[in-house]
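Report on one structure; see the data block that follows.
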Amino acid sequence: MNCARAREQLEWYALGGLPAPIEAEVGDHVAACPDCRAVCEDYREMIAGLQEAADWAEPRPAFQAATRSLVRAQVRSARRRVWARRVGMALGAAAATVLLAVSIGYLARGRPDRPAGPPVVQMASAEQWRVDGAMVVPTSSAGGVIVRGGRMYFACRDGARSHVAAVSATTGRPVWRAQQETLGYLAADEGGVYTLARGPGRTVDLIALDSATGHVLWRFSPGVGPGLEGPCRPVPLAQGRICWTAGHTVHVLDATTGDVVWRRSYSDEGRPSFAAALGAHVYVASPAALYCLSGESGEGVWRLDVGAGETSSSRPLLTLGGGRGFVACPTFGRSSRLVCVDLANRRVLWSRTIPRPRHLLATEDVLYLRGPKVLALDAASGTPRWTRVAPGCSPMTADDGLLHLVDATDTGRLVALDRHTGREAWEILGIRSCDAFVRAGDVGLIKTADGVVHAFALRTP
């Protein structure tokens, strides 16, 4: 399939509306073509934004009360009518009124008033240094920036190709640039930098690069493609190991040699989540259950049902914090079942149905969910602590009592919120990004949608 034919189908592909044979053909092309993949991700971002805006829309109480009153009046009027045609017209008018009132209520709500006095600066005045040419894949973790050992690693563009590059995290000075092409999805530990690359037959491989030189150390080929949701980022583990979920299988490799230490498949339960490690255990969630595995052998320690009954084929979200595991299992209708698990005692502490989130982040006492709103839940009970309207696609990061994210409102802004209250501590205007804010000592790093990595001094502007 060529690009012209693929782009005729991309809208339906992003919506999941193609017949299976055509979907597979378009999927193979998208996996191999960076330009078509970027167009497809743009469609997906737009679709997700529209769906999430509808999920999270909460008209003001006055609009809700007025709407209910108007609907009741229309229904009473309709019941008094004899002709079915008039009944249908009345109910149709009521439905249209509901939609109009909900839309007006949502649009009229706008942004909440900000707490007075958070420091505000423009991006140009706050920037210390920058690096151009970074790879951008909207709504994906493929182009994320990582920091390890005083260096920043990122995927940089060279025409239609991308390569991993290393620069000083404090000055932006170039250190090396790898010859190996990359798909992004970077991770790093003391000895290596890990990235994904195209394998034979449109599959995806895991590659290890020497952190000092960028030379290839080893290559692992599981023989599976990226899938509709894209591949998973590798996860460094303790004891010199690397964990990678490819397809329906979790692989743990020796980080020095690339040899397989163990693998576990979940082909009967849908696509597994990204793996997460805590102590001697590795955790992974399927749409049906949360698994605790031995990090040493991969043997199952326990399994706990967390599925919502009717789950979609989308990959669950999993995060750990404070001795708890949080799993968001997507269900049909753009919602998810959120479950909190006591990892030590293997029991569900609480659960609730939520609009499907983009990202979860757990600390010792709070769970944060990211959609068009940021919602902070008490980790122990699941009760809301605070919420803020903040549309956007960037993951959240937390340090020094602050929660960092990019708010896509207007021209965009990087904002730091007090983790416990949701109040703004500071903001930098002019930032648009779907990537996470990363800290490297006294420097903060963010890659913007134009492929520029900006470095800011981490002080109150």
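Residue 402 in our numbering sits at position 245 of the sequence shown, with consecutive numbering throughout. Backbone N, C-alpha and C define an ideal beta-carbon position, used for all residues, glycine too. Given the structure is predicted, the values throughout are model-derived calculations rather than measurements.
From which residue to which residue does the beta strand (DSSP E) around residue i run?
{"i": "H408", "result": "T406 to D411"}
{"i": "I588", "result": "I588 -> no beta strand (DSSP E), and no H or E assigned at all."}
{"i": "Q285", "result": "E284 to V288"}
{"i": "H372", "result": "That residue, H372, is in no beta strand (DSSP E); it is neither H nor E in DSSP."}
{"i": "M309", "result": "R308 to D315"}
{"i": "C497", "result": "S492 to D499"}
{"i": "P331", "result": "P331 to E338"}
{"i": "R390", "result": "No beta strand (DSSP E) contains R390, which DSSP labels as neither H nor E."}
{"i": "Y440", "result": "H438 to A442"}
{"i": "R318", "result": "R318 to S325"}
{"i": "A434", "result": "A433 to L435"}
{"i": "R355", "result": "G349 to R355"}
{"i": "G478", "result": "L474 to G478"}
{"i": "G457", "result": "G457 to D462"}
{"i": "C190", "result": "Run containing C190: none; DSSP gives neither H nor E here."}
{"i": "R420", "result": "V417 to S422"}
{"i": "R580", "result": "Where R580 is concerned, there is no enclosing beta strand (DSSP E), given that its DSSP letter is neither H nor E."}
{"i": "R527", "result": "V523 to R527"}
{"i": "T402", "result": "R398 to A403"}
{"i": "S630", "result": "Residue 630 falls outside the range modelled here, since the chain spans only 158 to 618, and no answer is possible."}
{"i": "V294", "result": "That residue, V294, is in no beta strand (DSSP E); it is neither H nor E in DSSP."}
{"i": "L602", "result": "V600 to K604"}
{"i": "T560", "result": "Correcting the residue type first, residue 560 is Leu in the shown sequence and not Thr. Its beta strand (DSSP E) spans residues L559 to D564."}
{"i": "A555", "result": "T554 to D556"}
Out of the options, state which residue places its alpha-carbon closest to the alpha-carbon of residue i.
{"i": "Q336", "options": "V321, Q285, W583 and D592", "result": "V321"}
{"i": "D362", "options": "E338, W507, A369 and V572", "result": "E338"}
{"i": "I585", "options": "V409, C591 and L562", "result": "L562"}
{"i": "C190", "options": "L340, A326 and T296", "result": "L340"}
{"i": "T296", "options": "A606, F613, L615 and A614", "result": "A606"}
{"i": "R420", "options": "V409, G427 and R428", "result": "V409"}
{"i": "T352", "options": "R330, C497, S319 and G358", "result": "S319"}
{"i": "A344", "options": "A537, A412 and R503", "result": "A412"}
{"i": "R542", "options": "D556, D522 and A555", "result": "D522"}
{"i": "T520", "options": "R481, M158 and L571", "result": "R481"}
{"i": "A433", "options": "G415, E456, F483 and V417", "result": "F483"}
{"i": "V505", "options": "P529, A537 and T488", "result": "A537"}
{"i": "Q396", "options": "S454, L571 and G479", "result": "S454"}
{"i": "C400", "options": "L435, R359 and G427", "result": "L435"}
{"i": "P487", "options": "G358, A555 and G427", "result": "G427"}
Give a single yes or no on whether residue i has its beta carbon closer than 7 angstroms to a heavy atom of the ligand FAD.
{"i": "W333", "result": "The model on display carries no ligand, and the ligand FAD is accordingly not part of it."}
Please work out which residues of its chain come closer than 6 angstroms, Cβ to Cβ, to residue i, disregarding the five sequence neighbours upstream and downstream, and give them in chain order.
{"i": "S424", "result": "H405"}
{"i": "A634", "result": "In the structure as shown, the chain starts at 158 and stops at 618, and residue 634 therefore has no counterpart that could be examined."}
{"i": "A565", "result": "P548 and G549"}
{"i": "P383", "result": "A188 and V361"}
{"i": "R314", "result": "G290 and M292"}
{"i": "Y525", "result": "L518, A533 and M553"}
{"i": "V595", "result": "V302, V304 and L602"}
{"i": "R287", "result": "V609 and H611"}
{"i": "T568", "result": "G587"}
For residue i, collect the residues of the same chain with a Cβ closer than 8 angstroms to its Cβ; drop the 5 residues on either side in sequence, then sort them by chain order.
{"i": "R194", "result": "V187, A188 and V294"}
{"i": "K604", "result": "A291, V293, G300, G301, V302, F311, S590, D592, V610 and H611"}
{"i": "A573", "result": "L559, L560, H561, E581, A582, W583 and E584"}
{"i": "R164", "result": "C193 and V196"}
{"i": "V600", "result": "Q285, A326, T327, A612, F613, A614 and L615"}
{"i": "S460", "result": "At residue 460 the sequence reads Arg, which differs from the Ser that was named. Here the set comprises A446, L447, Y448 and C449."}
{"i": "A161", "result": "none"}
{"i": "Q166", "result": "L175, I179 and V183"}
{"i": "R330", "result": "V324"}
{"i": "P272", "result": "Bear in mind that a pLDDT of 43 at P272, under 50, signals an unreliable position, so the number given afterwards is only what the model happens to contain. For P272, where only same-chain residues beyond five positions count, the Cβ hits under 8 angstroms are R580 and E581."}
Assuming the contact rule is C-beta atoms closer than 8 angstroms, residue i and residue j should be a hit. Round their C-beta distance to whole Å, please.
{"i": "R545", "j": "G579", "result": "5 angstroms"}
{"i": "D575", "j": "G558", "result": "7 angstroms"}
{"i": "A403", "j": "P393", "result": "That pair is no contact at about 16 angstroms."}
{"i": "V463", "j": "L447", "result": "5 angstroms"}
{"i": "R334", "j": "G306", "result": "The pair is not a contact, with the Cβ atoms about 17 angstroms apart (cut-off 8 angstroms)."}
{"i": "S398", "j": "Y342", "result": "The sequence as given places Arg at residue 398; Ser does not occur at that position. Actually they are not in contact, since the Cβ atoms of R398 and Y342 sit about 18 angstroms apart, beyond 8 angstroms."}
{"i": "S493", "j": "A501", "result": "Not really, about 25 angstroms apart at Cβ, beyond 8 angstroms."}
CB-CB under 7 angstroms to residue i, same chain, minus the five flanking residues each way: which ones, in chain order?
{"i": "D180", "result": "Position check: residue 180 holds Glu in this sequence, whereas Asp was assumed. Excluding positions up to five away in sequence, the list reads Y170."}
{"i": "V332", "result": "R308, A323, V324 and S325"}
{"i": "G539", "result": "C497, W507 and R509"}
{"i": "G619", "result": "Residue numbering for the chain in the displayed model covers 158 to 618; residue 619 lies beyond these limits and cannot be assessed."}
{"i": "A354", "result": "Q337, E338, T339, L340, D362 and I364"}
{"i": "G598", "result": "T327"}
{"i": "K530", "result": "W213, T544, R545, V546 and A547"}
{"i": "V417", "result": "H408 and L410"}
{"i": "S146", "result": "The displayed coordinates of the chain run from 158 to 618. Any statement about residue 146 would go beyond what the structure contains."}
Exercise for review: May I ask you to verify whether the stretch 544–556 touches the stretch 495–514, counting CB pairs closer than 8 angstroms and requiring at least 3?
Suggested key: no
| query | Are the stretch 376–383 and the stretch 343–351 in contact at 8 angstroms, needing three or more beta carbon pairs? | reply | Taking 8 angstroms as the limit for Cβ pairs, the verdict is that the stretch 343–351 does not touch the stretch 376–383.
query = Just checking, does the stretch 471–482 make contact with the stretch 440–460 on the three C-beta pairs under 8 angstroms criterion?
reply = yes
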